[in-house]
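Protein chains in written order, with the numbering used here: chain A, 1 to 273; chain B, 1001 to 1333.
Think of the CB as a built atom: it goes at the ideal place given N, C-alpha and C, for glycine as much as any other residue.
All figures in this text were calculated on a predicted structure; none of them were measured in a lab.
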Amino acid sequence: MSVNDNEPYVTADGRKIGGVLMEMKNITLRFGGVKAITDISFDIREGEIRAIIGPNGAGKSSMLNVISGFYIPQEGEVWYKGAPRPQMKPYEVAQQGIARTFQNIALFEGMTVLDNVMTGRLNHMKTGLLAQAIWKGKAQAEEVENREVAEKIIDFLEIQHIRKTPVARLPYGLKKRVELARALAAQPSLLLLDEPMAGMNVEEKEDMSRFILDVNDEFGTTIALIEHDMGVVMDLSDRVVVMDYGKKIGDGTPDEVRNNQNVIDAYLGVAHD
Amino acid sequence: MSAAFLNTLEVMANGLMAGVLYALVALGFVLIYKASGIFNYAQGVMALFAAMTLVGAMEGRVPFSHLINAVFGTEVHHFGWHLPALLGIALTIAVMVFFAWVVQRVIFKHLVGQEPIILFMATIGLAYFMEGFGETMWGSDIKTLDVGLPQGGSFAIEDFTATWAAEGERYYGMYIDNLDMVATVVAILLVSALVLFSQYTKQGRAMRAVADDHQAALSVGINLNFIWVLVWSLAGFVALVAGIMWGSKSGVQFSLSLIALKALPVLMLGGFTSIPGAIVGGLIIGVGEKLFEFAIGPYVGGATENWFAYVLALIFLVFRPQGLFGEKIIERV
Ligand SMILES: Nc1ncnc2c1ncn2[C@@H]1O[C@H](COP(=O)(O)OP(=O)(O)OP(=O)(O)O)[C@@H](O)[C@H]1O
Ligand SMILES: [Mg+2]
């Protein structure tokens, strides 16, 4: 099957999946004595929705943090766009076109929704300080352009009605959506979502699933997401990595993973030896 | 208008202008505190250091001349030039930016994520180091700073207000310091520039983002170190402005660094994270202490300006611990 070799292919619903965009090679991450990740390798292909699942404490967020530069693994290499990535600060990773959301939401609480989304455009603001100080031509054109992108994303995620609302006042579900909007505003090559649906009700989950699919479909954005809800994962993702106790215990299409005995054991809580 | 009323008005006007200076110093604190959670004890010493550097640059003093002469047995003191004020100020700004970079690079880069009290201690160390360093660099003599700002009282205002008094009353007009008026205008310009910068530039937006949430700021590609250097540079610039105003008035000497102590009650009043708070707080304290001294001072033996601000701030602290504009503190449980 083409899903597991490296040839580009077209999915059943007509989305194009390309070559490898990011590859994790033998990643090991320790916190003192705790091994959060043990020798894990997997790849993320251009245009796909890649899920990372596993029980609590399996090391999923840690993996996302390695990808986004928040954690530095003791061993292993991260390959991005066909080349090994040198050790980078999180802001440098972001500047390379990797945007993310956080498991426990990190928004600019004091800013409005629009301001938050505009902050996601910072990497696309190029005009120098002096030009901005004089506030003419180029800087203004740039501001207008960035504003347009931000507004488009706000429309896309259906949060126009709260554009000017300070984020601190929003309910949890909407905050998650604003965080997604800010990440999208960067027009990333790779979007990392840490439990985008955690703590949501059924309706909110459905909305969020639809947005994720639409983002992938319309913008062709590659997405790696962590999610606990199995139904959601099976519906959304092209391929799934399963982690347990820091180790990879499964990798493949939703169907493959669903029938993997190790995965079944981990989720049913079979005792580890 | 009665002469008594006019006198009160004069006291208030002078209080407002003193308040502007307090606000300026407090502003330096707020900038750094908002962006990094560091309460910068060294803000006052930074003002002193900036003013010393400005005097040194303008007078063409050789930095570290005592040290150089002691080590090499030479007798160098002056380069023999005099710089115009603007050039001296530009040079001093460059020095303050370099200072900001060094502070971030050598100290605070290594203290990221530490407890606020540790950061505070580091700034105390920095303050004492800078004080000594500044004296080694420029000597400990009292220096006069003259960047060409007008001195003395304004005759125009004196003449103009003299006509306000009611018929038959003896009134000679208000005494308003020229320098205070310049300081007020400069402070208004400075604050407006800062607000425009933080609202309308990329770096300003990044600065606000960092002040709000470090993790989120990183995730959108903001280099925290750069922003912190920027913020320390801005605080250095604000310190320079305060240093020029204060130094032109009372000379550049150690006591200049104590203006930081005046900023403390201002911050307690205005909140540590609020720029409008710093300004309004500064004005309230400036006016408050002058009025109090004027009205109550004579009955309690004077010198109330030494303590009034603190008592006012304490009373405030009891009723509104977050300050006038500070965000409400809600303990998470
Ligand atoms: N910054 C850290 N310092 C120390 N230990 C950490 C840190 N981050 C994660 N860990 C540890 O690494 C392990 C994996 O944690 P991680 O957050 O990656 O799990 P997870 O799969 O995301 O779990 P959950 O589903 O609960 O979010 C845990 O044992 C956790 O305690
Ligand atoms: Mg997690």
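Per-residue burial, residue i [other beta carbons within 10 Å of its own, 16 or more giving buried]
| i | result |
| --- | --- |
| isoleucine 1296 of chain B | exposed |
| glycine 220 of chain A | exposed |
| asparagine 1306 of chain B | exposed |
| threonine 1304 of chain B | buried |
| tyrosine 172 of chain A | exposed |
| lysine 16 of chain A | exposed |
| arginine 1208 of chain B | buried |
| phenylalanine 1079 of chain B | exposed |
| leucine 1087 of chain B | exposed |
| methionine 1 of chain A | Reliability fails at methionine 1 of chain A, whose pLDDT of 42 lies under 50, so the model's placement of it is uncertain and no value is given. |
| histidine 1214 of chain B | buried |
| isoleucine 72 of chain A | exposed |
| lysine 176 of chain A | buried |
| glutamate 1293 of chain B | buried |
| arginine 210 of chain A | exposed |
| glycine 250 of chain A | buried |
| tryptophan 1232 of chain B | buried |
| glycine 1113 of chain B | exposed |
C-alpha gap between residue i and residue j, whole angstroms
| i | j | result |
| --- | --- | --- |
| methionine 234 of chain A | alanine 1217 of chain B | 32 Å |
| threonine 1273 of chain B | glycine 1028 of chain B | 11 Å |
| leucine 1021 of chain B | valine 1252 of chain B | 15 Å |
| alanine 1085 of chain B | histidine 1110 of chain B | 37 Å |
| valine 1210 of chain B | glutamate 1289 of chain B | 35 Å |
| glutamate 195 of chain A | alanine 183 of chain A | 14 Å |
| serine 237 of chain A | glycine 252 of chain A | 10 Å |
| isoleucine 1032 of chain B | isoleucine 1038 of chain B | 6 Å |
| aspartate 265 of chain A | asparagine 259 of chain A | 11 Å |
| methionine 1181 of chain B | methionine 88 of chain A | 50 Å |
| asparagine 1223 of chain B | threonine 112 of chain A | 22 Å |
| alanine 1047 of chain B | glycine 1236 of chain B | 7 Å |
| glycine 246 of chain A | leucine 1189 of chain B | 57 Å |
| asparagine 104 of chain A | leucine 1324 of chain B | 31 Å |
| tyrosine 1172 of chain B | valine 1106 of chain B | 56 Å |
| valine 167 of chain A | valine 66 of chain A | 28 Å |
| glutamine 1104 of chain B | isoleucine 1259 of chain B | 24 Å |
| valine 20 of chain A | methionine 208 of chain A | 26 Å |
| phenylalanine 1226 of chain B | glycine 1134 of chain B | 25 Å |
| glutamate 1075 of chain B | histidine 1066 of chain B | 9 Å |
| isoleucine 212 of chain A | alanine 139 of chain A | 32 Å |
| leucine 180 of chain A | threonine 28 of chain A | 28 Å |
| isoleucine 1157 of chain B | methionine 1174 of chain B | 7 Å |
In DSSP terms, what residue i is bridged to
| i | result |
| --- | --- |
| lysine 138 of chain A | The partner list for lysine 138 of chain A (beta bridge, DSSP) is empty, contrary to what the question assumes. |
| alanine 79 of chain A | A small fix is needed here, since residue 79 of chain A is tryptophan in this sequence, not alanine. Paired residue(s): A:Glu23 and A:Pro84. |
| tyrosine 9 of chain A | A:Ile17 |
| threonine 112 of chain A | A:Pro166 |
| histidine 1078 of chain B | B:Arg1061 |
| lysine 274 of chain A | What is shown of chain A runs 1 to 273, which leaves residue 274 of chain A out entirely. |
| methionine 1207 of chain B | Its beta-bridge partners do not exist; DSSP assigns none. |
| threonine 1304 of chain B | None; threonine 1304 of chain B has no bridge partner. |
| valine 242 of chain A | A:Ile53 and A:Gly250 |
| isoleucine 44 of chain A | A:Met22 |
| leucine 193 of chain A | A:Leu225 |
| valine 1252 of chain B | B:Lys1143 |
| glycine 1153 of chain B | B:Asp1177 |
| isoleucine 98 of chain A | A:Leu190 |
Residues near residue i by beta carbon distance below 6 Å, same chain, minus five either side
| i | result |
| --- | --- |
| alanine 185 of chain A | Val117, Gly120, Arg121, Ala150 and Ile153 |
| alanine 58 of chain A | Met243 and Asp244 |
| asparagine 216 of chain A | Ile49 and Ile223 |
Cβ neighbours of residue i in the same chain (closer than 7 Å, five flanking residues each side left out)
| i | result |
| --- | --- |
| glycine 1204 of chain B | Phe1197 and Ser1198 |
| leucine 1230 of chain B | Gln1203 and Met1207 |
| alanine 1057 of chain B | Leu1083, Gly1088, Leu1091 and Thr1092 |
| alanine 1042 of chain B | Thr1123, Leu1126, Ala1127 and Met1130 |
| tryptophan 1101 of chain B | Val1229 |
| glycine 1282 of chain B | Gly1019, Val1020, Tyr1022, Ala1023, Ala1026 and Val1266 |
| leucine 1149 of chain B | Leu1179, Val1182 and Ser1248 |
| alanine 1166 of chain B | Met1001 and Ser1002 |
| tryptophan 1081 of chain B | Gly1060 |
| serine 62 of chain A | Leu29, Ala36, Ile37 and Tyr71 |
Cutoff 8 Å; reference residue i; Cβ partners in own chain excluding five residues on either side
| i | result |
| --- | --- |
| aspartate 214 of chain A | Phe156 |
| isoleucine 1118 of chain B | Leu1111 |
| phenylalanine 108 of chain A | Asp115, Asn116, Thr119 and Val167 |
Can you list, in chain order, every residue whose CB sits closer than 5 Å to a heavy atom of ligand 1? In chain order, the hits are A:Phe31, A:Ala36, A:Asn56, A:Gly57, A:Ala58, A:Gly59, A:Lys60, A:Ser61 and A:Ser62.
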